[in-house]
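S.K.: Here it is, the structure, as structure tokens.
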Amino acid sequence: MQQLQNASDTQLCASEVLDAVFEVLLLVREQNARQDRKKGATLIHIRAMGVLHKRPGMTLSDLADQLALTLSATSRLIDGLVAKGLVARRIPAGNRRTIALQLTQAGTKLHAHARGEARNALALLLQTLTPAQRAALRNSMLDLQHAIASPNEDTDIVGNGTAALAAGGKRVMR
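Counting in the numbering used here, the sequence shown runs from 1 upward without gaps.
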């Protein structure tokens, strides 16, 4: 890949990264669509379970923010996952006004299976790259994850994995 010399190069790089991420998401969606018919979980179900896997005890409101859904849509989503025995609601001991969400054993198992299937599909594609290309891609993705998770005063981008874009392209904490 060529060196980025100016802002327009950076814009081009951002566009290419977004295109690649979109293609990966399509691959994951296609893989999960196959599993949907077998397991009865949609991509949004898998996404919600992924968030709850990383952050057990999350509230419905926080989950809605993470999924970029309305509170009512997230509530219906969780109702369905609870009915399927994939998510449990609990009241934390220290705060009876809050309902915490967490994966059940069945939810953890389904999430792990769906993630494994998507990972296997992506691994097949990555086999077409040389070991050096795979290493460069992995390192670049880790760098990008670090940039997203780290505050950056120079660009007014703040992130910790729970940030969202505000008007003007600036990230703000939710």
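Glycine residues also receive a C-beta, built at the ideal position from the N, C-alpha and C atoms.
None of the values given here were measured: they were computed from a predicted structure.
Hey, how far is the Cα of G94 from the Cα of T59?
M.R.: For the purposes of this step, residue 94 is identified with residue 94 of the sequence shown, where counting begins at 1. For the purposes of this step, residue 59 is identified with residue 59 of the sequence shown, where counting begins at 1. If I take the Cα positions, the gap works out to 14 Å.
S.K.: In chain order, what residues of the same chain lie with their CB nearer than 8 Å to the CB of G80, ignoring the 5 residues before and after it?
M.R.: The sequence position of residue 80 within the sequence shown is 80, counting from 1. Taken in chain order, the residues that qualify are H45.
S.K.: Just the Cα atoms here: how many angstroms apart are S61 and L137?
M.R.: For the purposes of this step, residue 61 is identified with residue 61 of the sequence shown, where counting begins at 1. For the purposes of this step, residue 137 is identified with residue 137 of the sequence shown, where counting begins at 1. Whole-angstrom Cα-Cα distance: 34 Å.
S.K.: Can you have a look at I91 and say buried or exposed, based on whether 16 or more other CB atoms are within 10 angstroms of its CB?
M.R.: Reading the sequence shown from its first residue, position 91 is the one you call residue 91. Around the C-beta of I91, fewer than 16 other C-beta atoms lie within 10 Å, and the residue is accordingly described as exposed.
S.K.: Tell me where the beta strand (DSSP E) around A88 begins and ends.
M.R.: Taking the first residue of the sequence shown as position 1, residue 88 is located at position 88. A88 -> beta strand (DSSP E) spans V87 to R90.
S.K.: Runs of 3 residues minimum, wholly inside the stretch 89-130: which ones carry the beta strand (DSSP E) assignment?
M.R.: Entirely contained in the stretch 89-130, the beta strand (DSSP E) runs reaching 3 residues are, in chain order, 100-103.
S.K.: Give me the Cα-Cα distance between E23 and E16, rounded to the nearest whole angstrom.
M.R.: The sequence position of residue 23 within the sequence shown is 23, counting from 1. The sequence position of residue 16 within the sequence shown is 16, counting from 1. Each residue's Cα considered, the two are about 11 Å apart.
S.K.: Give the secondary structure of G168 by DSSP, where H, G and I count as helix, E and B as strand, and everything else as coil.
M.R.: Here residue 168 refers to the residue found at position 168 of the sequence shown. The predicted position of G168 is uncertain, since its pLDDT is 42 and thus under 50; a value taken from the coordinates is nonetheless stated next. Helix, per DSSP.
S.K.: Could you give the uninterrupted runs of the alpha helix (DSSP H) lying entirely in the stretch 17-65, keeping only those of 4 residues or more?
M.R.: Counting only unbroken stretches of 4 or more residues, the alpha helix (DSSP H) elements lying wholly within the stretch 17-65 are 43-54, in sequence order.
S.K.: Of the choices G107, P131 and A149, whose alpha-carbon is the least far from that of M49?
M.R.: For this step, residue 49 is matched to residue 49 along the sequence shown. The candidate whose alpha carbon is nearest that of M49 is G107.
S.K.: Mind checking whether L126 and R134 have CB atoms under 7 Å apart?
M.R.: On the sequence shown, position 126 is the one that residue 126 refers to. On the sequence shown, position 134 is the one that residue 134 refers to. Yes; because the gap between Cβ atoms is below 7 Å, this pair is in contact.
S.K.: Let me know the secondary structure DSSP gives T74 once reduced to three states.
M.R.: For the purposes of this step, residue 74 is taken as residue 74 along the sequence shown, with counting starting at 1. Reduced to three states, the DSSP call for T74 is helix.
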